[in-house]
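Let me begin by presenting the structure, written as structure tokens, before commenting on it.
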Amino acid sequence: MTVLDEELRAVDFPAKDEPLRRDVSLLGSIVGEVIREQGGAALFERVEAARRAAIAERERGGAAGVARLAAGLAGLEPRTAVDLVRSFSAYFGVVNLAEKIHRIRRRRDYLRDKSRPQRGSLLAVLSELAERGLGAPAAAELLRRVVVEPVFTAHPTEATRRALLLAEQRMARRLVERLDGTLTPSEERANRARLRNDVTVAWQTAEHPAVRPSVADEREHVLFYLTDLIYRVVPAFYEALEEALERCFGAPAAEPLPERPLLRFASWVGGDMDGNPNVTAETILETLERQRALVLDLYAGELGRLATRLSQTTDRVGVADAVRDRIAAYGARLPEVRDAVPPRHRDMPYRALLTLMRARLRRTADGGAAGYGSARELAADLEAIAGSLRTHRGENAGLFAVRRALRRVRTFGFHLATLDVRQDALVHRRVVGRLLAEAGWLERPAGERAERLRGALAEGDDLAGDPGAEGQAVRRVFVALASARTRFGRRSIGPFIVSMAEGADDVLSVLLLARWGGMAASGEPVPLDVAPLFETVADLDAAPGITGALFGDPVYRAHLEARGRRQTVMIGYSDSSKDGGIAASRWALQRAEEGLGRLTREAGVALTLFHGRGGTVGRGGGPTHRAVLASPPGALNGHLRLTEQGEVIHEKYGLRGIALRTLERTAGAVILATAREEAGLGGDEATAAPAAWREAMATLAEGSRARYRAIVYDDPAFPGYFRHATPIDVIERMRIGSRPAARRSGEGIESLRAIPWVFAWTQSRHLLPGWLGLGTGLERAIAEHGFETLAEMATGWSVFRNLLDDVEMVLGKADMAIASLYADLAPDRGFFERVLLPEHDRTVERVLAVRGADHLQAARG
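Heads up: the sequence shown at position 39 corresponds to 55 in the working numbering, and the numbers run straight through without jumps.
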């Protein structure tokens with residue numbers, strides 16, 4: 017028996033979680049066997065001994081116990097240390113996989129028990145709205161407004177080899193096979209042998225390549241999730257939605273699901289130039305070409321399977337004229353394909369049409385004349401087949417599969433995922449100044465720059481200055497965007513995101529560069545949405561004012577009219593948290609959302625807020641559905657657009673069942689929040705916070721930010737402590753991303769990206785970005801507004817409650833005893849004792865006091 021088995025037997029698992037215990041025990045025993053076989057008995061015993069010691073010291077607690085454990089591991093040879101780390105990593109990996117499978121198991125249990133829908137599911141959300149008075153017509157109209165758009169980024173927080181991702185997929189399938197408990201003994205043995213094979217292969221495979229990944233590598237990593245997982249589950253999402261509508265509102269309510277997809281997907285990989293010189297005009301076009309090739313190949317495979325399945329013959333069943341007409345028309349265009357159909361298949365109209373459609377797809381991929389002009393044409397062909405099946409008793413003879421294909425075509429088009437493009441505002445300022453031949457351009461006031469740009473846009477100024485190498489690269493980007501719209505369709509390119517936007521001139525610069533790049537002739541509207549990105553606390557505070565100035569600009573207002581009066585604004589979570597701490601960041605984000613919502617309502621503009629959320633709490637992470645339900649009125653408008661980064665992509669979309677649950681829960685929250693905004697049907701979350709609560713939150717944020725910045729940016733001892741007490745130097749050298757660790761130039765904390773910043777504190781178990789300053793902020797708020805006010809906020813206001821939930825989770829993961837060992841590496845260990853440790857303890861004490869708890873996460877058991 018391994019120590020893992022001993023641990024599991026000591027845990028009092030609820031009955032519903034007993035299958036989880038069995039899976040963890042099975043996988044843990046397999047990992048133990050692999051460690052013994054691959055690393056030897058000595059490694060296995062060292063792993064078990066370390067586990068026993070860790071358990072014992074965790075139960076006793078205290079820095080002394082951790083120090084004893086560290087002493088027991090000291091002096092290991094590098095290779096032995098690596099194998100020890102990989103052993104524990106393997107254990108934790110299979111435990112996480114078992115937990116994911118258990119989530120799938122629990123979802124299946126809910127689906128079987130129709131008396132109680134799973135919390136957060138589409139059925140649960142629509143049932144709640146129906147109980148509150150939402151009728152079928154209103155439900156249909158509501159769904160026509162909802163859009164959920166995850167945007168996958170290349171941020172290097174997870175860069176596991178595809179071979180290991182595929183091994184995990186295989187292991188997941190083995191575990192799913194065991195769910196119904198019907199395997200025979202021989203099947204059980206074979207199943208276990210396959211699991212052990214996958215664990216062994218994973219052990220023998222390096223987790224990360226030895227070379228830094230290229231942009232193409234990052235692109236393939238994200239495309240794995242889009243093509244192998246999300247593509248598969250999209251139809252199941254819509255089927256769950258239709259079933260929920262039918263159960264809540266009756267059969268007719270499921271009919272009017274809109275043709276416009278409720279789900280959309282986008283990517284930054286290949287288009288995010290901000291601080292990454294490896295992303296260029298060429299990578300933009302290469303990415304779009306690759307995505308197009310992949311999705312066309314997926315469709316071709318699906319059409320081939322449909323052709324095999326739809327074998328109906330004309331002597332047994334009728335077929336619609338629309339199908340016959342298409343066969344004749346496409347056969348005339350592709351006579352060689354028509355003539356190659358075997359004579360025995362020529363009385364199978366669906367098979368004949370699908371064969372011709374597949375040939376058209378191949379011509380589309382090759383750019384041939386007989387290819388499809390757009391995904392809408394392919395969708396129309398599938399609709400014709402679906403209509404014919406409905407008319408001729410084919411509801412149960414293939415319609416289901418055709419509708420699945422149609423859902424995918426409507427969702428992914430011929431582009432698979434919209435490609436966003438991002439660049440730093442400072443790059444454009446430099447280039448525009450050179451191209452306009454304006455001396456001292458960067459030093460001019462933003463308003464003066466905006467006035468000059470308005471004139472250039474209105475008068476169609478030609479290029480006057482030498483662009484230089486940087487200017488030529490920027491111009492090529494906009495030439496590529498103009499080409500992409502023609503080649504790949506208007507949905508292929510998303511908003512152009514301007515990082516570190518500081519004024520209206522930063523947005524007008526993009527329009528001028530787009531015109532110079534050939535996206536529009538003089539006097540014509542530029543067919544490109546421009547989204548300013550506000551990232552620091554100060555920038556978030558300024559966001560409504562800057563956006564309002566844009567709306568008041570006559571040139572930009574005309575552009576906005578041409579774009580359907582919809583404005584995308586991106587708000588950054590990671591950098592605002594790094595800039596001012598978690599509490600100040602959250603409050604600045606909330607105020608920015610409120611201000612932008614009011615502004616756009618008054619201006620008659622539809623707002624799409626693009627949430628730049630990171631993975632960890634220190635970078636703005638946390639449960640998406642909670643954040644959606646806490647959105648202020650006017651900030652959602654039925655459209656959720658948010659980044660999905662690194663390890664979060666794998667966590668939320670790494671298995672099909674988990675991906676489906678993620679999409680359901682996110683969409684359910686958007687539906688509920690949109691109903692709240694439009695009809696007051698969202699429940700208690702919609703209650704506006706009293707003025708006293710807002711004042712207390714402002715005090716808390718101000719006090720927290722002051723303390724955070726006093727430590728991080730003003731204390732001269734902090735940079736040295738950070739450099740020595742965290743592995744930031746190693747992280748900066750890691751080959752896990754194609755872009756540098758720092759944005760712009762410089763070596764200070766200001767220029768360091770949020771990802772290595774958070775990584776460094778996580779590895780040293782400080783987890784400082786997720787809590788620093790909050791304790792001082794709480795103290796100040798309690799002193800000025802009273803303890804009772806904060807206690808009421810903790811239970812009655814989702815904005816504050818979510819903040820405490822997230823910080824409490826971070827505090828539960830932080831380990832100051834382990835952090836103390838890292839502090840020993842710093843030249844000034846006293847900084848930890850006199851500054852960080854007291855601030856940590858203060859935060860724990862104040863959070864517990866406000867929540868009325870005696871230990872962290874007490875409410876979660």
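In this text, a Cβ means the ideal position worked out from N, Cα and C, and glycines have one as well.
Cβ shell of residue i (< 8 Å), same chain only, five flanking positions each side left out
i           : result
residue 46  : 110, 208, 211, 212 and 215
residue 747 : 757, 772, 775, 776 and 779
residue 570 : 470
residue 532 : 451, 479, 491 and 494
Cβ pair residue i, residue j closer than 8 Å
i           : j           : result
residue 180 : residue 236 : no
residue 584 : residue 624 : yes
residue 542 : residue 786 : no
residue 556 : residue 621 : no
residue 524 : residue 572 : yes
residue 162 : residue 660 : no
residue 76  : residue 100 : no
residue 734 : residue 727 : yes
residue 423 : residue 251 : yes
residue 724 : residue 596 : yes
residue 469 : residue 521 : yes
residue 44  : residue 107 : yes
residue 402 : residue 394 : no
residue 365 : residue 340 : yes
residue 256 : residue 165 : no
residue 6   : residue 518 : Residue 6 is absent from the model: the chain starts at 17 and stops at 877.
Residues of its chain near residue i, where Cβ-Cβ distance is below 6 Å and the 5 sequence neighbours each way are ignored
i           : result
residue 287 : 300, 435, 436 and 437
residue 538 : 476
residue 272 : At residue 272 the pLDDT is 46, less than 50, meaning the model places this residue with poor confidence and gives no usable figure here.
residue 702 : A caution first: residue 702 carries a pLDDT of 45, below 50, which makes its placement in the model unreliable, though a value can still be read off. If we look at residue 702 and ignore the five residues flanking it on each side, its Cβ neighbours are 692.
residue 363 : 329 and 330
residue 671 : 116 and 188
Cut-off 7 Å between Cβ atoms - residues of its own chain near residue i, not counting five sequence neighbours on either side
i           : result
residue 673 : 120 and 123
residue 700 : Residue placement at residue 700 is flagged as unreliable, the pLDDT there being 48, under the threshold of 50; a coordinate-derived value is accordingly withheld.
residue 615 : 560, 563 and 564
residue 201 : none
residue 669 : 241, 245, 246, 675 and 678
residue 829 : 783
residue 183 : 214, 217 and 218
Rounded Cβ spacing between residue i and residue j (contact assumed at less than 8 Å)
i           : j           : result
residue 51  : residue 105 : About 11 Å separates the two Cβ atoms, so there is no contact after all.
residue 369 : residue 343 : 5 Å
residue 153 : residue 143 : At roughly 17 Å, the Cβ-Cβ gap does not stay under 8 Å, so residue 153 and residue 143 are not in contact.
residue 431 : residue 317 : With a Cβ gap of about 18 Å, residue 431 and residue 317 do not count as contacting.
residue 229 : residue 177 : No, residue 229 and residue 177 are not in contact; Cβ-Cβ is about 10 Å, not under 8 Å.
residue 860 : residue 807 : About 17 Å separates the two Cβ atoms, so there is no contact after all.
residue 15  : residue 712 : The shown model of the chain, from 17 to 877, leaves out residue 15, and the question about it has no answer.
residue 920 : residue 650 : Since the first residue shown for the chain is 17 and the last is 877, residue 920 is missing from the structure and cannot be characterised.
residue 721 : residue 789 : 7 Å
**Asked** Are three or more beta carbon pairs between the segment 128–140 and the segment 238–249 nearer than 8 Å?
**Response** no
**Message:** Counting beta carbon pairs with one atom in the segment 479–490 and one in the segment 444–459, are three or more of them shorter than 8 Å?
**Reply:** yes
**Prompt:** When the Cβ atoms of the segment 703–717 are set against those of the segment 824–842, are three or more pairs found closer than 8 Å?
**Reply:** no
**Message:** If contact is defined by three or more beta carbon pairs under 8 Å, each pair taking one atom from either stretch, is the segment 86–99 in contact with the segment 634–650?
**Reply:** no
**Request:** Ignoring anything shorter than 4 residues or poking outside the segment 425–496, list the alpha helix (DSSP H) runs there in chain order.
**Result:** 441–451 and 462–475
**Prompt:** Counting Cβ pairs, one atom from each stretch, are 3 or more of them under 8 Å apart for the segment 538–549 and the segment 511–520?
**Reply:** yes
**Three-pair Cβ contact test at 8 Å for the segment 305–322 versus the segment 192–207** = no
**Item:** Inter-stretch contact (C-beta, 8 Å, three-pair minimum) for the segment 457–473 and the segment 416–427
**Value:** no
**Request:** At 4 residues or longer, and completely inside the segment 724–788: list those alpha helix (DSSP H) runs for me, N to C.
**Result:** 734–741, 744–749 and 770–779
**Prompt:** Going along the chain, which unbroken runs of the alpha helix (DSSP H) with 4 or more residues stay wholly within the segment 76–157?
**Reply:** 79–89, 94–128 and 138–147
**Prompt:** For the segment 776–795 against the segment 845–862, are there 3 or more C-beta pairs whose distance is under 8 Å?
**Reply:** yes
**Asked** Which full runs of the beta strand (DSSP E) of 3+ residues lie inside the segment 556–622, going along the chain?
**Response** 582–588
**Request:** Mind the definition here: the segment 829–844 touches the segment 798–814 only if three or more C-beta pairs lie below 8 Å; say whether that holds.
**Result:** no
**Prompt:** Between the segment 399–414 and the segment 327–345, do three or more beta carbon pairs fall short of 8 Å?
**Reply:** yes
**Prompt:** Counting only runs that start and end within the segment 627–710, where is the beta strand (DSSP E) found for 3 or more residues in a row?
**Reply:** 655–660
**Prompt:** Whole alpha helix (DSSP H) runs in the segment 169–251 with 4 or more residues, listed along the chain?
**Reply:** 178–193, 201–219 and 231–241
**Request:** Output the residue ranges of the alpha helix (DSSP H) runs that lie fully inside the segment 270–342 and measure 4 residues or longer, sorted by chain position.
**Result:** 297–325
**Message:** My parser needs the alpha helix (DSSP H) runs of 4 or more residues fully inside the segment 34–84; what are they?
**Reply:** 34–55 and 57–76
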